[in-house]
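Here the structure is laid out as structure tokens; the discussion comes afterwards.
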Amino acid sequence: MTRVTLDASRRNIPIELVPRDKVNSLEEAAEALGIKPAHLLKSLVIKKSDDTFVFALIPGGRKLDWAKLRGEIGVNKLSLPDADIAWDVTHYESGTITPFGSHTVLPVFIDASVFEEPVPEHIGLGSGDRGHGLLVRPQDLVTGFDATIADISASI
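No gaps in the numbering here: position 12 of the sequence shown is 65 in my numbering, and each next residue is one more.
Shown next as structure tokens:
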């Protein structure tokens, strides 16, 4: 078992790892998973001013709204750490980051737009490696990680 599958099992979250060739864009990654780009979430590692971190999961085609996330967390300063810091926190390379099996367990914030009707049956995430994508039911992700659903994105 990989860190991802082991963590999913421990959290009682059914996931599907989908083998895929190398992809060069969010659109290609979504197509490889058989989902719309808006249903593929970017897993962002966000650094708080106290040097702790959170995950912000943002759908493809949207961007993180820093002010909204600051308000949700209740802090004045957030930043996107360098790739080497994200590696230290998750032990995943940029482009493969996922909350599943992260080296450091972090609070998870999922953008509320994921749950706008019609809610997709599955959403995609990074899988920890470039040769796979990950599919999960949105509500299972929320329940398994005790994630916070919040309006934290804006249109691009």
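The beta-carbon is built from N, C-alpha and C at its ideal position, and this holds for glycine as well.
L46 and H175: beta carbons closer than 8 Å? Given that the chain is displayed from residue 54 to residue 209, the structure contains no residue 46 and the question cannot be resolved.
Which residue wins for smallest C-alpha separation from G177, given the options I150, D199 and S155? For G177, the nearest C-alpha among the options comes from I150.
Identity of the residue in S206, V172 and F153 nearest R63 by Cα: Closest option to R63, Cα to Cα, is F153.
DSSP on I138, reduced to helix/strand/coil? Helix.
Pick from K116, G184 and D204: whose alpha carbon is nearest that of V71? Per the Cα distances, G184.
Rounded distance between the beta-carbons of K116 and A207, thought under 8 Å: The C-beta distance from A207 to K116 rounds to 6 Å, short enough to fall under 8 Å.
Here's the rule I'm using: 16 or more other beta-carbon atoms within 10 Å means buried, otherwise exposed. How should V172 be labelled? Result: exposed.
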